[in-house]
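Colleague:
There are 2 protein chains.
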Amino acid sequence: MWDFKYLQSAEKYNEAEMKTRDRILEMTLKLFNEEGVAKVSTNRIADELGMSPGNLYYHFKSKEHLVEWLLRRLESDLTPFMQSGDTLVALDDMWLSLHLSFEVIEKYRFIYTDVDFLLHEFPRCGERIRNMTLSAVETARTVCSNLARSGVLKAEGAEIDDLAFQIVFTSTCWSTFSRLLSQQDASAPGYAAYHVLTLLSPYLVEDQRHYMNYLRGKYLK
Amino acid sequence: MWDFKYLQSAEKYNEAEMKTRDRILEMTLKLFNEEGVAKVSTNRIADELGMSPGNLYYHFKSKEHLVEWLLRRLESDLTPFMQSGDTLVALDDMWLSLHLSFEVIEKYRFIYTDVDFLLHEFPRCGERIRNMTLSAVETARTVCSNLARSGVLKAEGAEIDDLAFQIVFTSTCWSTFSRLLSQQDASAPGYAAYHVLTLLSPYLVEDQRHYMNYLRGKYLK
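Residue numbers (my numbering), protein chains in the order written: chain Z, 1 to 221; chain A, 1001 to 1221.
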């Protein structure tokens, strides 16, 4: 289970300490994204910040704690999109919401590229990532159901379940795949959005499909 | 560039040595799949085999060489599917070919789950993985074009390109996603095949779609 007591302990820090914590988390995020969680030690992070390992340890007791705090930030950044499922009834609302959430995912991309390492090494973080992913599938299902109800999308039951799965799969794994293909630009959030819109395309009613092809086309320029 | 001289040097080994090489590669594959490339050292592999590090070094000079040889095996196992693109004109040929190639991918799954690490650490292997992935996209495009020509699939031009991309993306990244969702069974090759068939579904002509739903349904039992 998540250790809330530990997480809330941040409140004990004063303003200067909070700034230091922010600097540490920002550097950690940068290094994790660039080099992967496995390779970056807490000593390395301290070193990059010109800080003693003891000072870093005062703020974060281990690499696992750093990952937990970054996960917490990702969750908080994604919350608006997770909660917007019920209000998205038009295609361009959905598209905007997708695009913005892909920007968040790209910002914390180490979580998805290093997911195997995280699941193995830090089971508590793994559990948190799983729950977040399952919530995202739930949100995607709600959005697709609403689009179907408002006549934008023609799909039902199992089709909606499969679509919701594929939307979240594409959103979370696309940046790994695009790096594999060596397409530097392809890891841009827009390209992930393009591929999610492509998944929806065959299920859209005709006039909406034309509109979506217009939206998708903008990503390819 | 790939060092063919090095690769062909395997021929210098006698039969007993070839068996030792096989044992080393099999143990390496097992450990890479279970624990990830980053964590498993060559000393650890030697240790698991009850072999001296020097003996392992005689056969493989570094972790990178081990990865290269495993990649070579993956490529050779995938060759029949890569070459079958032109002969696949019916839905169940394609389904069988997909299913069998997913079994191969699952066998060497560390390559896809650790792709970021491999691209960073072993650029020569990264290049090889990229070329293999681009060939797979090419094969998928050929298969989809053939299915369209034989009237099984209704898609053209850009739709076929997008489909080919998404088929290879799903094939190579699905096992990572299914582990993220903690669905042990979901990493089975059948589940990946189910999701690729789902991608094709909306593009199939009606009687073929019914047949495919029957094929897909078998994976969910």
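Idealized CB from N, CA, C, for every residue including glycine.
Looking at the strands, I want to know which residues DSSP matches up with LEU1153 (chain A).
Modeller: The residue you call residue 1153 (chain A) lines up with position 153 of the second sequence. In the DSSP assignment, LEU1153 (chain A) is bridged to A:LEU1204.
Colleague: For chain Z, is any of its Cβ atoms less than 8 Å away from the one on PHE1060 (chain A)?
Modeller: Here residue 1060 (chain A) refers to the residue found at position 60 of the second sequence. Not closer than 8 Å to any Cβ of chain Z, the Cβ of PHE1060 (chain A) fails to qualify, so no.
Colleague: For the stretch 78–87 of chain Z and the stretch 136–152 of chain Z, state whether three or more C-beta atom pairs, one from each stretch, are separated by less than 8 Å.
Modeller: yes
Colleague: Does any residue of chain Z have a CB that is nearer than 8 Å to the CB of ARG1179 (chain A)?
Modeller: Walking along the second sequence from the start, residue 1179 (chain A) turns up at place 179. Chain Z contact via Cβ: present.
Colleague: Taking 8 Å as the threshold (beta carbon to beta carbon), is GLY151 (chain Z) in contact with chain A?
Modeller: Position 151 of the first sequence holds residue 151 (chain Z). It does not; no Cβ of chain A falls within 8 Å.
Colleague: Chain D partners of VAL1115 (chain A), CB-CB under 9 Å?
Modeller: Looking for chain D here will not work: the only protein chains present are Z and A.
Colleague: Apart from the five residues on each side of it in sequence, which residues of its chain come closer than 8 Å, Cβ to Cβ, to THR1042 (chain A)?
Modeller: Counted from its first residue, the second sequence places residue 1042 (chain A) at position 42. If we look at THR1042 (chain A) and ignore the five residues flanking it on each side, its Cβ neighbours are PRO1053, LEU1056, TYR1057, PHE1060, SER1062, LYS1063, LEU1066.
Colleague: Does the beta carbon of ARG1130 (chain A) come closer than 8 Å to any beta carbon on chain Z?
Modeller: Position 130 of the second sequence holds residue 1130 (chain A). Taking CB atoms only, ARG1130 (chain A) has a neighbour in chain Z less than 8 Å away.
Colleague: Looking at the structure shown, is MET1082 (chain A) part of a helix, part of a strand, or coil, going by DSSP?
Modeller: One-based indexing of the second sequence puts residue 1082 (chain A) at position 82. Reduced to three states, the DSSP call for MET1082 (chain A) is helix.
Colleague: Pick from Z:ARG149, Z:GLY217, Z:GLY36, Z:TYR112: whose alpha carbon is nearest that of SER1175 (chain A)?
Modeller: Residue 1175 (chain A) sits at position 175 when you count from the first residue of the second sequence. Here the closest residue by C-alpha is Z:TYR112.
Colleague: When you compare the CB of ASP1003 (chain A) with every CB in chain Z, is at least one pair closer than 8 Å?
Modeller: Along the second sequence, one-based indexing puts residue 1003 (chain A) at 3. Below a pLDDT of 50, predicted positions are generally treated as unreliable, and ASP1003 (chain A), at 44, falls in that range; no measurement from the model is reported.
Colleague: Within 10 angstroms of the Cβ of ARG1216 (chain A), are there 16 or more other Cβ atoms? Answer buried if so, exposed if not.
Modeller: Position 216 of the second sequence holds residue 1216 (chain A). Buried is the call here.
Colleague: If I follow the unbroken alpha helix (DSSP H) through ARG1021 (chain A), where does it start and stop?
Modeller: Residue 1021 (chain A) sits at position 21 when you count from the first residue of the second sequence. 1015–1035 is the extent of the alpha helix (DSSP H) around ARG1021 (chain A).
Colleague: Just to check my reading of the structure: VAL1115 (chain A) and LEU180 (chain Z) have Cβ atoms closer than 8 Å, yes? What is that Cβ distance to the nearest angstrom?
Modeller: Taking the first residue of the second sequence as 1, we reach residue 1115 (chain A) at position 115. Taking the first residue of the first sequence as 1, we reach residue 180 (chain Z) at position 180. Their Cβ separation, rounded to whole angstroms, is 5 Å, which keeps VAL1115 (chain A) and LEU180 (chain Z) in contact under 8 Å.
Colleague: According to a CB-to-CB cut-off of less than 8 Å, which residues of the stretch 27–39 of chain Z neighbour chain A?
Modeller: GLU35, GLY36, ALA38, LYS39
Colleague: Leaving aside the five residues before and after LEU147 (chain Z) along the sequence, list all residues of the same chain whose C-beta is less than 6 Å from its C-beta, in chain order.
Modeller: Locating residue 147 (chain Z) in the first sequence gives position 147, counting from the first residue. Here the set comprises LEU153.
Colleague: Measuring straight from C-alpha to C-alpha, what distance separates ASP1022 (chain A) and ALA1136 (chain A)?
Modeller: Walking along the second sequence from the start, residue 1022 (chain A) turns up at place 22. Walking along the second sequence from the start, residue 1136 (chain A) turns up at place 136. Using only the alpha carbons, I get a separation of about 27 Å.
Colleague: With a Cβ-Cβ cutoff of 8 Å, do LEU78 (chain Z) and VAL104 (chain Z) count as a contact?
Modeller: Working through the first sequence from its first residue, we reach residue 78 (chain Z) at position 78. Working through the first sequence from its first residue, we reach residue 104 (chain Z) at position 104. With contacts defined as CB atoms closer than 8 Å, LEU78 (chain Z) and VAL104 (chain Z) qualify as a contacting pair.
Colleague: Mind checking if THR133 (chain Z) is an interface residue toward chain A, Cβ cutoff 8 Å exclusive?
Modeller: Counting from 1 along the first sequence, the entry for residue 133 (chain Z) is found at position 133. The beta carbon of THR133 (chain Z) sits closer than 8 Å to some beta carbon of chain A.
Colleague: Could you work out which residue in Z:ILE167, Z:CYS173, Z:SER178 is closest to LEU200 (chain Z) when comparing CA atoms only?
Modeller: The count along the first sequence starts at 1 and reaches residue 200 (chain Z) at position 200. LEU200 (chain Z) has its Cα closest to that of Z:ILE167, out of Z:ILE167, Z:CYS173, Z:SER178.
Colleague: So ARG44 (chain Z) is in the alpha helix (DSSP H); what residue range does that whole segment cover?
Modeller: Here the question's residue 44 (chain Z) lines up with position 44 in the first sequence. Here the alpha helix (DSSP H) through ARG44 (chain Z) covers 42–48.
Colleague: Which residues mark the beginning and the end of the alpha helix (DSSP H) in which TYR1058 (chain A) is found?
Modeller: For the purposes of this step, residue 1058 (chain A) is taken as the residue at position 58 of the second sequence. Counting along the chain, the alpha helix (DSSP H) containing TYR1058 (chain A) begins and ends at 1053–1059.
Colleague: Would you verify that the beta carbon of PRO1053 (chain A) is, or is not, closer than 8 Å to some beta carbon of chain Z?
Modeller: Within the second sequence, numbered from 1, the residue matching residue 1053 (chain A) stands at position 53. Taking 8 Å as the CB threshold, PRO1053 (chain A) stays off the interface with chain Z.
Colleague: Using DSSP with H/G/I as helix, E/B as strand and the rest coil, what is VAL89 (chain Z)?
Modeller: As a position in the first sequence, residue 89 (chain Z) is number 89, starting the count at 1. Three-state DSSP puts VAL89 (chain Z) in coil, outside helix and strand.
Colleague: Taking just the CA atoms, how far does CYS1173 (chain A) sit from LYS1030 (chain A)?
Modeller: If you number the second sequence from 1, residue 1030 (chain A) lands on position 30. If you number the second sequence from 1, residue 1173 (chain A) lands on position 173. Looking at the backbone, the Cα of LYS1030 (chain A) and that of CYS1173 (chain A) are separated by about 19 Å.
Colleague: Quick check on the burial criterion: 16 or more other C-beta atoms within 10 angstroms. Buried or exposed for GLY126 (chain Z)?
Modeller: The residue given as residue 126 (chain Z) occupies position 126 in the first sequence. Counting Cβ neighbours within 10 Å, GLY126 (chain Z) comes out buried, since at least 16 surround it.
Colleague: Along the alpha helix (DSSP H) that carries LEU119 (chain Z), what are the first and last residues, could you check?
Modeller: If you number the first sequence from 1, residue 119 (chain Z) lands on position 119. Segment 115–121, the alpha helix (DSSP H) holding LEU119 (chain Z).
Colleague: Looking at chain A, is there any beta carbon in it that lies within less than 8 Å of the beta carbon of PHE169 (chain Z)?
Modeller: If you number the first sequence from 1, residue 169 (chain Z) lands on position 169. Cβ-Cβ to chain A under 8 Å: yes for PHE169 (chain Z).
Colleague: Between which residues of its own chain and TYR211 (chain Z) is the CB-CB distance below 7 Å, once the five residues before and five after are set aside?
Modeller: Within the first sequence, the letter at position 211 stands for residue 211 (chain Z). Correct list, in chain order: LEU91.
Colleague: Is it true that the CB of LEU163 (chain Z) sits closer than 8 Å to the CB of TYR203 (chain Z)?
Modeller: The residue labelled residue 203 (chain Z) in the question sits at position 203 within the first sequence. The residue labelled residue 163 (chain Z) in the question sits at position 163 within the first sequence. Less than 8 Å divides the Cβ of TYR203 (chain Z) from the Cβ of LEU163 (chain Z).
Colleague: Flag CYS1144 (chain A) as yes if its beta-carbon sits less than 8 Å from any beta-carbon of chain Z, otherwise no.
Modeller: Residue 1144 (chain A) sits at position 144 when you count from the first residue of the second sequence. Not one chain Z Cβ lies under 8 Å of CYS1144 (chain A).
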